[in-house]
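In what follows, a structure is listed as structure tokens, so that the remarks can point back to it.
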Amino acid sequence: MSTQEEVEVSYDVSNEFFRLWLDERMNYTCALFEGTDNLEEAQIKKLEWLHDAARVTPDKRVLDIGCGWGANIEWLATSKGVKDVTGITLSRAQHAEIQRRNVPGVTAHCVSYADFEPEKKFDAVISICMMEHIATPEQVRKGEHIALYRDYFRRAWEWTTPGSYFGLQTILRNRVPRNRKDVQDIGWVTYNIFPGGLSLRLEDIVMAVNPYWEIMEIKTRRVHYQKTCQAWLDRLRDHEAVIRERWGDKVFEDYDRYLSTCVRAFDKHYQSLAQYSLRRIDKEELQ
Numbered sequence: 001m002s003t004q005e006e007v008e009v010s011y012d013v014s015n016e017f018f019r020l021w022l023d024e025r026m027n028y029t030c031a032l033f034e035g036t037d038n039l040e041e042a043q044i045k046k047l048e049w050l051h052d053a054a055r056v057t058p059d060k061r062v063l064d065i066g067c068g069w070g071a072n073i074e075w076l077a078t079s080k081g082v083k084d085v086t087g088i089t090l091s092r093a094q095h096a097e098i099q100r101r102n103v104p105g106v107t108a109h110c111v112s113y114a115d116f117e118p119e120k121k122f123d124a125v126i127s128i129c130m131m132e133h134i135a136t137p138e139q140v141r142k143g144e145h146i147a148l149y150r151d152y153f154r155r156a157w158e159w160t161t162p163g164s165y166f167g168l169q170t171i172l173r174n175r176v177p178r179n180r181k182d183v184q185d186i187g188w189v190t191y192n193i194f195p196g197g198l199s200l201r202l203e204d205i206v207m208a209v210n211p212y213w214e215i216m217e218i219k220t221r222r223v224h225y226q227k228t229c230q231a232w233l234d235r236l237r238d239h240e241a242v243i244r245e246r247w248g249d250k251v252f253e254d255y256d257r258y259l260s261t262c263v264r265a266f267d268k269h270y271q272s273l274a275q276y277s278l279r280r281i282d283k284e285e286l287q
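My numbering applies: residue 1 is where the sequence shown begins, and numbers increase by one.
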């Protein structure tokens with residue numbers, strides 16, 4: 001699993017840095033460009049899909065595992081009227097941003113999911129591109145990743161009430177690049193932008209959810225993540241002068257290389273993205 005120090009490499013450059021090129025709520029995950037080319041609208045459509053996948057209603061207690069800067073939990077509270085929303089993140093900078101926003105009904109904890117101990121159970125779970133931090137590249141090479149992913153699903157099962165649903169989103173590894181530059185750039189992103197983590201394969205999810213969750217629906221969104229990364233890259237370049245002045249040439253050049261690589265990776269089918277609706281398998285079904 002990614003350590004706190006590795007997570008801070010990925011997310012703690014500066015909240016103001018990310019605010020320059022993400023959408024208004026600071027979603028740092030794939031948007032859903034259905035019927036729109038606007039990043040702000042597409043991010044809301046993504047949140048809507050996961051809200052529906054988890055069958056969230058205003059009266060339910062909702063957990064967001066890996067909540068980032070709080071985009072989803074804030075949206076659930078302010079736009080969907082959910083009165084009790086909890087988010088967990090391992091990034092201190094992200095947690096500070098959520099505390100700064102101080103949205104009524106929203107609680108955030110700066111804690112690893114492996115150490116999280118909720119006082120009450122939840123009725124719905126959402127997790128958006130957090131599973132990539134569960135297994136390190138070395139653990140994947142050793143074949144330890146499925147057990148780690150299954151433990152994650154077990155914990156989510158234990159934290160929820162019977163009848164709960166889970167809206168999940170993960171980046172997928174599709175195939176190995178065929179040219180040296182793409183191999184080098186994707187490896188560079190893995191070890192320099194997101195150290196300690198690795199995207200999953202679709203079959204990893206299919207194996208790891210059992211016996212805790214049933215997959216009810218899967219949608220793949222490869223083209224949507226390409227569009228999302230291109231929108232981020234365009235915004236990053238629009239602020240090049242400011243970024244170079246405030247955070248230095250290396251930060252701009254690293255993030256330009258990272259986002260350019262992601263655009264290419266999704267375009268060439270090296271990577272994809274999937275969204276899932278999972279149903280909790282309750283104890284009486286396992287007798």
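Don't be surprised by glycine CBs; every beta carbon is placed ideally from N, CA and C. As the structure is a prediction and not an experimental result, all values here were calculated from the model.
> Given a threshold of 16 other Cβ atoms within 10 Å of its Cβ, counted over all protein chains shown, does G66 qualify as buried or as exposed?
Replying inline: Here the question's residue 66 lines up with position 66 in the sequence shown. Buried is the call here.
> Straight-line CA distance for N27 to I215?
Replying inline: As a first step, residue 27 is located in the sequence shown; it is residue number 27 there, counting from the start. As a first step, residue 215 is located in the sequence shown; it is residue number 215 there, counting from the start. C-alpha separation (whole angstroms): 25 Å.
>> Do G70 and Q43 have their beta-carbon atoms positioned less than 9 Å apart in this structure?
In response: For the purposes of this step, residue 43 is taken as the residue at position 43 of the sequence shown. For the purposes of this step, residue 70 is taken as the residue at position 70 of the sequence shown. No, Cβ-Cβ distance for Q43 and G70 is not below 9 Å.
> If we count the other Cβ atoms within 10 Å of its Cβ and call it buried at 16 or more, is D249 buried or exposed?
Replying inline: Numbered from 1 along the sequence shown, position 249 holds the residue referred to as residue 249. That one is exposed.
> Taking Cβ positions, are L293 and D59 nearer each other than 9 Å?
Replying inline: As displayed, the chain neither begins before 1 nor continues past 287, which places residue 293 out of reach and without an answer.
> For M321, which three-state DSSP category applies?
Replying inline: An answer regarding residue 321 cannot be provided, because it is not within the stretch 1 to 287 covered by the chain.
> Which of helix, strand or coil does DSSP assign to G290?
Replying inline: Only positions 1 to 287 of the chain appear in this structure, which leaves residue 290 out of reach.
>> Just to confirm before moving on: does the CB-CB distance between D52 and G143 stay below 9 Å?
In response: Your numbering for residue 52 matches position 52 in the sequence shown. Your numbering for residue 143 matches position 143 in the sequence shown. No.
> Excluding five sequence neighbours on each side, which residues of the same chain lie with their C-beta closer than 7 Å to the C-beta of Q226?
Replying inline: Here residue 226 refers to the residue found at position 226 when the sequence shown is read from its first residue. Excluding sequence neighbours, Q226 sits near V263, F266, D267.
> When the Cα of R222 is compared with those of A54, D123, L172, P177, which residue comes out closest?
Replying inline: Position 222 of the sequence shown, counting from 1, holds the residue named residue 222. Ranking A54, D123, L172, P177 by Cα distance to R222 puts L172 first.
> So, helix, strand or coil for R264, using DSSP?
Replying inline: Residue mapping note: residue 264 aligns to position 264 of the sequence shown, counting from 1. In the structure shown, R264 sits in a helix (DSSP, three-state: H, G or I).
> Who pairs with D84 in a beta bridge, going by DSSP?
Replying inline: Here the question's residue 84 lines up with position 84 in the sequence shown. According to DSSP, D84 bridges with R61.
> Going by the CB atoms, is the gap between T57 and K45 shorter than 9 Å?
Replying inline: Translated into the one-based positions of the sequence shown, residue 45 becomes position 45. Translated into the one-based positions of the sequence shown, residue 57 becomes position 57. No, the Cβ-Cβ distance between K45 and T57 is not below 9 Å.
>> Taking a contact to mean a Cβ-Cβ separation below 9 Å, would you say L90 touches Q275 in this structure?
In response: Position 90 of the sequence shown holds residue 90. Position 275 of the sequence shown holds residue 275. Their beta carbons are not under 9 Å apart, which means L90 does not touch Q275 by this criterion.
> Candidates R201, Y191, V251: which alpha carbon is nearest H269's?
Replying inline: Working through the sequence shown from its first residue, we reach residue 269 at position 269. Answer by Cα proximity: R201.
> Near V103, which residues of its chain fall below 6 Å by C-beta distance, leaving aside the five closest residues on each side in sequence?
Replying inline: As a first step, residue 103 must be located in the sequence shown, where it is residue number 103. Once the five neighbours on either side are set aside, the close Cβ partners of V103 are E74, A77.
> How would you call S14, buried or exposed, if buried means at least 16 neighbouring beta carbons within 10 angstroms?
Replying inline: As a first step, residue 14 must be located in the sequence shown, where it is residue number 14. By the neighbour-count rule (16 or more Cβ atoms within 10 Å), S14 is not buried but exposed.
> Per DSSP, what kind of secondary structure is S14 in: helix, strand or coil?
Replying inline: For this step, residue 14 is matched to residue 14 along the sequence shown. Here S14 sits in coil by DSSP.
> Taking the DSSP output, what are the residues bridged to L200?
Replying inline: In the sequence shown, the residue the question calls residue 200 occupies position 200. Bridge partners of L200: L172.
>> Using a Cβ-Cβ cutoff of less than 7 Å, which residues in the same chain neighbour I134 once the five nearest sequence positions on both sides are dropped?
In response: Taking the first residue of the sequence shown as 1, we reach residue 134 at position 134. Counting only Cβ-Cβ distances below 7 Å, and skipping sequence neighbours, we find M1, L148, Y149, Y152.
> Hey, Q169 and C129 are a contact pair by Cβ (cut 8 Å); roughly how many whole angstroms apart?
Replying inline: Here the question's residue 169 lines up with position 169 in the sequence shown. Here the question's residue 129 lines up with position 129 in the sequence shown. That belief holds up - the Cβ atoms of Q169 and C129 are roughly 6 Å apart, short of 8 Å.
> For the putative contact between K83 and G105, defined by C-beta atoms under 8 Å, what is the C-beta separation to the nearest angstrom?
Replying inline: Here residue 83 refers to the residue found at position 83 of the sequence shown. Here residue 105 refers to the residue found at position 105 of the sequence shown. Contact flag correct, Cβ pair sits at about 5 Å.
>> Please return the same chain residues whose Cβ sits closer than 6 Å to the Cβ of G197, not counting the five positions on each side in sequence.
In response: Here the question's residue 197 lines up with position 197 in the sequence shown. Result list for G197: S2, E132, H133, in chain order.
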